[in-house]
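So the structure is just underneath, and the comments pick up after that.
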Amino acid sequence: MPQRKAGIKDLRKNRTRQMHNLDIKTDLKKTTKKFLLSVTQKNQAEAQANLKTVYKKLDKAAKRNILHKNTVSRRKSMFHKKLAGLSA
0 MPQRKAGIKD LRKNRTRQMH NLDIKTDLKK TTKKFLLSVT QKNQAEAQAN
50 LKTVYKKLDK AAKRNILHKN TVSRRKSMFH KKLAGLSA
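Position 21 of the sequence shown, counted from 1, bears residue number 20 in numbering that gives the first Met the number 0, the numbering being contiguous throughout.
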């Protein structure tokens, strides 16, 4: 536990930021699961719409430094391949 006022304030800010980042990650996971579910059900139109939202949320996470840009790029590529395999 920090002793100084500045350290206590930093701890409070870090906890707030951690909760905010956790909300974003949780929302991203839910959206990703929804996309993967539509792919397993072979619902092309729904998967296409869900992929668009997944891309948007991944890009925002990268922009806010919640996920690394290469991680986001790798996931986007993987999801695109899944959708392409659905149409083939």
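By construction, the Cβ of each residue, glycine as well, lies at the ideal position given by its N, Cα and C atoms.
Model, not experiment: these values are computed from the prediction.
How would you label residue i, buried or exposed, when you count the other beta carbons within 10 angstroms and need 16 or more for buried?
| i | result |
| --- | --- |
| Ser76 | exposed |
| Lys56 | buried |
| Ala83 | exposed |
| Ala60 | buried |
| Ala46 | buried |
For residue i and residue j, I'd like the C-alpha separation in whole angstroms.
| i | j | result |
| --- | --- | --- |
| Met0 | Ile7 | 8 Å |
| Arg14 | Val38 | 36 Å |
| Ser72 | His79 | 11 Å |
| Leu85 | Gln17 | 36 Å |
| Gln40 | Asp58 | 26 Å |
| Arg11 | Gln43 | 45 Å |
Relative to the ligand HEM, is the shortest distance from any of its heavy atoms to the C-beta of residue i smaller than 6 Å?
| i | result |
| --- | --- |
| Asn69 | Ligands are entirely absent from the displayed structure, and the ligand HEM is therefore not among its contents. |
Hey, which unbroken runs of the alpha helix (DSSP H) at 4 residues or more fall wholly within the stretch 45-77?
none
With three or more C-beta pairs closer than 8 Å as the rule, is the stretch 20-38 touching the stretch 48-58?
yes
If we require 4 or more residues per run, which alpha helix (DSSP H) segments fall completely within the stretch 9-44?
none
Inspect the CB distances between the stretch 20-28 and the stretch 63-79 and report whether three or more fall short of 8 Å.
Touching, per the Cβ criterion.
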